[in-house]
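What follows is a short report on a single structure.
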Amino acid sequence: MSWRCSFLLFAVLLQAQQKPFGFGKPVSAEEARKRDLTVFPDGRGLPPGRGDAKAGAPIYAAKCAECHNDRGEGRENQYPGLVGGIGSLATPKPKKSVGSYWPYATTVWDHIHRAMPFDHPRSLTADEVYAVTAVVLYLNGIVTETQELNEKTLPQVRMPNRDGFIPETRPFQKRKVR
Amino acid sequence: MSVKDEDRRRFLALGAGLLSTTACTTTKPASESGAHMRPHGLRSPHEKVARVIRELTASPGTGSSRTPLQHLYGTITPSDLHYERHHAGVPAIDPLQHELLVHGLVEQPLTFSMAALRRFPSVSRTCFLECSGNVIGDLRGNPPPTVQDSHGLLSCTEWTGVSLRMVLEEARLKPEAKWLIAEGADASRMARSIPVEKALDDALLVYGQNGEALRPEQGYPLRLILPGFEGNMNVKWLDRLLVTDQPAMSVKETANYTELLPSGKAEVLTFVMEARSVITSPSGGQQVLNGFNEITGLAWTGLGKITKVEVSTDNGKTWQVAALQEPILDKSVVRFRLPWEWKGEETIIQSRCTDESGYVQPSRDEFIALRGINAGYHYNGIKCWQVKADGHVVAV
Chain A
1 MSWRCSFLLF AVLLQAQQKP FGFGKPVSAE EARKRDLTVF PDGRGLPPGR GDAKAGAPIY
61 AAKCAECHND RGEGRENQYP GLVGGIGSLA TPKPKKSVGS YWPYATTVWD HIHRAMPFDH
121 PRSLTADEVY AVTAVVLYLN GIVTETQELN EKTLPQVRMP NRDGFIPETR PFQKRKVR
Chain B
179 MSVKDEDRRR FLALGAGLLS TTACTTTKPA SESGAHMRPH GLRSPHEKVA RVIRELTASP
239 GTGSSRTPLQ HLYGTITPSD LHYERHHAGV PAIDPLQHEL LVHGLVEQPL TFSMAALRRF
299 PSVSRTCFLE CSGNVIGDLR GNPPPTVQDS HGLLSCTEWT GVSLRMVLEE ARLKPEAKWL
359 IAEGADASRM ARSIPVEKAL DDALLVYGQN GEALRPEQGY PLRLILPGFE GNMNVKWLDR
419 LLVTDQPAMS VKETANYTEL LPSGKAEVLT FVMEARSVIT SPSGGQQVLN GFNEITGLAW
479 TGLGKITKVE VSTDNGKTWQ VAALQEPILD KSVVRFRLPW EWKGEETIIQ SRCTDESGYV
539 QPSRDEFIAL RGINAGYHYN GIKCWQVKAD GHVVAV
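Residue numbers (the numbering used here), protein chains in the order written: chain A, 1 to 178; chain B, 179 to 574.
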């Protein structure tokens with residue numbers, strides 16, 4: 001064992017022995033969960049609720065179209081488009097959008113839920129978020145107009161680019177430090 | 179400041195001197211004319227350094243501001259010139275109301291007030307922060323005119339706070355803990371997934387920058403610092419850490435900050451900023467003069483320390499080893515320098531760095547051959563500046 005290793009081991013032992021500082025305030029897991037927004041690709045974190053594109057259309061028109069345009073075209077370079085580019089990723093002019101690029105429908109829900117409408121984030125109910133998520137997916141031809149999205153069905157929606165992501169290869173990197 | 183600026187100032191100083199001898203009746207001795215003291219220092223009105231701001235949408239606060247690298251000396255970025263990249267503006271946070279929640283796969287969920295976090299043993303370290311979208315104009319073949327425009331999403335400062343490992347040990351991670359979801363209190367509650375190995379290695383929860391409390395634009399009152407990892411993961415206004423067994427695949431680790439390759443596949447969860455360097459003087463928009471010019475610039479790597487910077491002044495035909503300013507710090511910028519005699523020839527100057535992992539900064543062509551021009555992030559190709567026959571420097 002090198003000196004460096006034994007020093008590390010010593011430091012780890014020392015730390016293991018150290019008693020907690022106790023500066024944190026304990027909270028119950030339930031209390032903590034109330035502040036939890038995170039939705040995972042397998043659907044963990046999704047609250048109960050439901051909606052389809054038909055129910056979402058008036059909400060989208062009232063709360064999203066102002067920036068993202070009537071059919072998710074976006075507005076110039078100001079506001080991102082939400083549609084288009086499916087099949088373009090391997091071409092010289094790839095177009096990234098929710099439809100062409102995003103691997104998980106849960107990410108669409110999570111992002112709208114936490115961050116949209118941009119100027120009034122977290123103002124939508126869970127049902128409204130399911131419904132406008134359905135609109136965005138419907139505009140991309142990924143779900144039908146009356147296909148219900150809820151906490152069970154949303155994670156099962158297969159996005160066109162679901163298999164488009166690979167782990168890093170770091171081709172210029174010779175060996176990793178740490 | 180360009181060599182020409184320097185000369186002009188010397189000339190102006192000379193002029194002022196002449197003026198004061200001829201019009202001596204109106205000139206007061208310096209000892210009588212000094213200004214009063216003031217609680218906060220300001221730059222000399224002669225210094226015009228400023229960030230360049232680019233708002234991306236009509237909504238405030240989406241966009242970036244870039245550090246004026248060509249006007250800075252040494253290695254430390256003044257806090258008010260540190261680059262910014264926000265996705266939903268800068269929140270106004272009362273530190274007395276701010277608390278960090280640590281929950282998920284821990285034995286005991288905890289909240290920490292700012293006062294509680296400041297009670298822990300503190301630690302300071304210098305490291306660079308860089309947006310992984312930096313220099314993307316160069317990758318796409320549209321190099322912007324100045325080094326501020328091309329490389330300004332890079333800054334380097336001293337951060338002070340508490341080891342994240344120490345805070346996590348208070349809550350006691352469960353064995354299944356593999357990832358942390360770090361979430362900020364900005365309007366979009368931006369969140370990123372952090373591998374637990376990094377969290378337990380050199381990650382910090384910081385409340386200080388360059389000797390004072392964080393500025394609001396840098397995450398006041400609490401920011402995550404992950405030395406060497408892409409800027410976006412260093413979550414500002416941090417108020418929640420969810421410990422989990424898998425990444426969240428949030429919008430900023432799927433839609434953005436993923437690298438699209440020519441095959442149409444994209445690399446995901448790419449965190450480390452690899453070795454880069456750039457000549458900051460003489461650089462785009464500046465002027466070299468006949469005779470002696472100092473070539474100087476910055477090099478940095480998320481893989482540890484920079485070990486070598488080479489500079490070419492003849493369009494890549496020969497390379498000379500530049501002097502590195504000590505101390506060379508882990509995951510921090512290093513200033514390099516090379517004296518240069520310019521004899522009026524049109525040429526290209528460029529720098530290339532190597533780090534302690536053996537990584538050598540690739541050329542743009544080498545990068546594109548493997549990664550294409552649409553990767554969008556983590557471009558670190560060698561930067562070339564063209565020196566025209568009249569001494570004017572332009573981006574190429």
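Here a beta-carbon is modelled for each residue, glycine too, at the ideal position from N, C-alpha and C.
State the DSSP-derived secondary structure class of residue i, mapped to helix, strand or coil.
i, result
"cysteine 309/B", "coil"
"lysine 376/B", "helix"
"asparagine 161/A", "coil"
"threonine 200/B", "Residue placement at threonine 200/B is poorly supported in this model, since its pLDDT is 44, which falls under 50; the coordinates still yield a value, given next. Reduced to three states, the DSSP call for threonine 200/B is helix."
"alanine 501/B", "strand"
"cysteine 64/A", "coil"
"leucine 438/B", "strand"
"phenylalanine 470/B", "strand"
"tyrosine 557/B", "coil"
"arginine 188/B", "Here arginine 188/B scores only 44 on pLDDT, less than 50, and its place in the model is too uncertain to base an answer on."
"aspartate 214/B", "Looking at the sequence itself, residue 214/B is histidine, so the reference to aspartate does not match. The answer is coil: DSSP assigns histidine 214/B none of H, G, I, E or B."
"valine 280/B", "strand"
"phenylalanine 514/B", "strand"
"asparagine 150/A", "strand"
"glutamate 262/B", "strand"
"glutamate 233/B", "strand"
"glycine 241/B", "strand"
"lysine 486/B", "strand"
"glutamate 347/B", "helix"
"histidine 113/A", "helix"
"lysine 430/B", "helix"
"alanine 220/A", "Residue 220/A lies beyond the range of chain A shown here (1 to 178); nothing can be said about it."
"threonine 338/B", "strand"
Quick check: residue i and residue j, are their CB atoms within less than 8 Å of each other?
i, j, result
"leucine 139/A", "glycine 51/A", "no"
"serine 461/B", "phenylalanine 306/B", "no"
"threonine 362/B", "valine 413/B", "Per the sequence presented here, residue 362/B reads as glycine, with threonine not at that position. Cβ distance < 8 Å, so glycine 362/B and valine 413/B count as in contact."
"alanine 408/B", "methionine 451/B", "Looking at the sequence provided, one finds glutamate at residue 408/B rather than alanine. Taking 8 Å as the Cβ cut-off, glutamate 408/B and methionine 451/B qualify as a contacting pair."
"tryptophan 497/B", "arginine 454/B", "no"
"leucine 317/B", "glycine 559/B", "yes"
"leucine 447/B", "threonine 458/B", "no"
"tyrosine 435/B", "serine 310/B", "yes"
"isoleucine 372/B", "alanine 426/B", "no"
"valine 157/A", "valine 143/A", "yes"
"valine 512/B", "isoleucine 484/B", "yes"
"alanine 126/A", "glycine 56/A", "no"
"proline 217/B", "glycine 330/B", "no"
Going along chain B in order, which residues have a C-beta closer than 8 Å to the C-beta of residue i?
i, result
"arginine 162/A", "Simply none; closest approach about 11 Å."
Return the chain-ordered list of same chain residues with a C-beta closer than 7 Å to the C-beta of residue i, the five sequence neighbours on each side being excluded.
i, result
"glutamate 233/B", "Thr240, Gly241"
"threonine 200/B", "With a pLDDT of 44 at threonine 200/B, under the threshold of 50, the modelled position of this residue cannot be trusted, and the question is left open."
"glycine 84/A", "Lys95, Ser97, Gly99, Ser100"
"histidine 570/B", "Gln465"
"lysine 566/B", "Glu524, Val572"
"valine 268/B", "Gly239, Pro394, Glu395"
"phenylalanine 40/A", "Thr106"
"threonine 91/A", "none"
"cysteine 202/B", "Low per-residue confidence applies at cysteine 202/B: pLDDT is 46, beneath 50, and the placement is therefore not dependable enough to give any value."
Can you give me the Cβ contacts of residue i inside the same chain, cut-off strictly under 6 Å, excluding the 5 residues immediately before and after it?
i, result
"isoleucine 526/B", "Asn493, Cys562, Gln564"
"threonine 146/A", "Asp52, Lys54"
"arginine 114/A", "Leu37"
"threonine 474/B", "Ser459, Arg515"
"proline 117/A", "Lys63"
Who are the neighbours of residue i on chain B, taking C-beta pairs under 7 Å?
i, result
"histidine 111/A", "Val429"
Mind listing the chain B neighbours of residue i? Cutoff is C-beta to C-beta under 9 Å, in chain order.
i, result
"asparagine 26/A", "Note that residue 26/A is proline in the sequence shown here, rather than asparagine. Those within 9 Å of proline 26/A in chain B are Gln286, Pro287, Leu288, Thr289."
For residue i, return the contacting residues in chain A, with the cut-off set at a CB-CB distance below 7 Å.
i, result
"alanine 426/B", "Thr38, Phe40"
"valine 456/B", "In chain order: nothing, as chain A lies at least about 17 Å away."
"leucine 507/B", "In chain order: nothing, as chain A lies at least about 14 Å away."
Can you find the residues in the same chain that come closer than 8 Å, C-beta to C-beta, to residue i, ignoring five residues on each side of it along the sequence?
i, result
"arginine 221/B", "Val227"
"aspartate 417/B", "His276, Glu277, Leu278, Leu279, Glu361, Gly362, Ala363, Leu400"
Could you name the residues of chain A that residue i contacts, counting a contact when the two beta carbons are closer than 8 Å?
i, result
"histidine 276/B", "Under the 8 Å cutoff, chain A gives no residues; its nearest Cβ is about 13 Å from histidine 276/B."
"arginine 297/B", "Phe21, Phe23"
When you check each C-beta in the segment 529 to 554 of chain B against every C-beta of chain A, which residues fall closer than 7 Å? Glu534, Ser535, Gly536, Tyr537, Pro540, Leu548, Asn552
Near-chain B residues of the segment 123 to 134 of chain A (beta-carbon distance less than 8 Å), N- to C-terminal order: none
Residues of the segment 436 to 449 of chain B with Cβ closer than 9 Å to any Cβ of chain A, in chain order: Thr436, Glu437, Leu438, Leu439, Pro440, Ser441, Gly442, Lys443, Ala444, Glu445, Val446, Leu447, Thr448, Phe449
Residues in the segment 61 to 76 of chain A with C-beta within 7 Å of chain B's C-beta atoms, listed in sequence order? none
Closer than 7 Å, Cβ to Cβ, to anything on chain A: give me those residues from the segment 310 to 323 of chain B, in chain order. none
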